[in-house]
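Numbering-wise, numbering that gives the first Met the number 0 puts 111 at position 112 of the sequence shown, and it's gapless, one number per residue.
Backbone N, C-alpha and C define an ideal beta-carbon position, used for all residues, glycine too.
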Amino acid sequence: MRAKTPSESRTVMTDLVLPSETNPLNNLFGGELLARMDRAASISARRHSRRITVTASVNHVAFNRAVPLGSVVTVEAAVSRAFNTSMEIFIDVWIEDRFTGERSKANEAIYTFVAVDDTGKPTEVPPLEPETDLEKERFAAALRRKQLSLVLAGKLKPSDATELKALFTS
Ligand SMILES: CC(C)(COP(=O)(O)OP(=O)(O)OC[C@H]1O[C@@H](n2cnc3c(N)ncnc32)[C@H](O)[C@@H]1OP(=O)(O)O)[C@@H](O)C(=O)NCCC(=O)NCCS
């Protein structure tokens, strides 16, 4: 299978924050942001694999900044590493200043998607070839994150998480 670059799966979704999507402090409801990120990540995984894809795990979410009512929010997703049938998707969330138009990073998340066939059976995906320094950095750390996610899910013994363990011993 031909290797693909992260830019081939990059997915950018921009939308407003409406009153029905906010909490009592008039900030975007966390679950609404999770859903927006899941949608963008799903498109990204599909663009990389050209298969049906399902969310296998939400590995990390950081709600670093509240997103106020009326904000213009951009969710940007791209595959950061492809394994055998699974893909790590890195999602950056930006908000646009109402007056200057300047974009600033609000949140980020990391999801795992799995490509499946028509019967729901995991199926192989193309490898990923990172290009930029940031893409290479995210690619390099993705194996440790996969091992951590599998350990937490009870699908990998901590003793078998070689690269993850090396992070704490080196
Ligand atoms: C995700 C799913 C396809 C995995 O099926 P499975 O039978 O566990 O398959 P496997 O054990 O062979 O795992 C498939 C891949 O997913 C990875 N994976 C499974 N669980 C994972 C987790 N918690 N974190 C990271 N990766 C995970 C495996 O490492 C494997 O990756 P690889 O082939 O690239 O090495 C299956 O659990 C499923 O269909 N879940 C429901 C998905 C869904 O409906 N999502 C929407 C939520 S409402």
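Can you have a look at residue i and say buried or exposed, based on whether 16 or more other CB atoms are within 10 angstroms of its CB?
i	result
V137	According to the sequence shown, residue 137 is Arg rather than Val. With 16 or more other Cβ atoms within 10 Å, it is buried.
A77	buried
R50	buried
T10	buried
A152	exposed
S103	exposed
K3	buried
F89	buried
S169	exposed
L127	buried
L133	exposed
Beta carbon of residue i: closer than 7 Å to some heavy atom of ligand 1?
i	result
V115	yes
T52	no
N22	no
F138	no
L127	no
K145	yes
In angstroms with no decimal places, state the Cα-to-Cα distance between residue i and residue j.
i	j	result
A61	E107	6 Å
P23	A165	44 Å
T111	N58	7 Å
R45	E75	15 Å
A55	D91	19 Å
T131	E7	13 Å
M12	A39	7 Å
M86	M36	15 Å
A65	K135	29 Å
W93	H47	23 Å
N63	D96	17 Å
Exercise for the section: Say whether the segment 112 to 125 touches the segment 146 to 165, bearing in mind that this needs 3 or more beta-carbon pairs closer than 8 Å, one atom from each stretch. Expected result: A contact is defined here as three or more CB-CB pairs under 8 Å, and the segment 112 to 125 fails this definition with respect to the segment 146 to 165.
Exercise for the section: Spell out a yes or no on whether the segment 16 to 25 and the segment 138 to 153 are touching, meaning 3 or more CB-CB pairs, one atom from each, closer than 8 Å. Expected result: Three or more beta-carbon pairs separated by less than 8 Å are not found between the segment 16 to 25 and the segment 138 to 153, which leaves the two stretches without contact.
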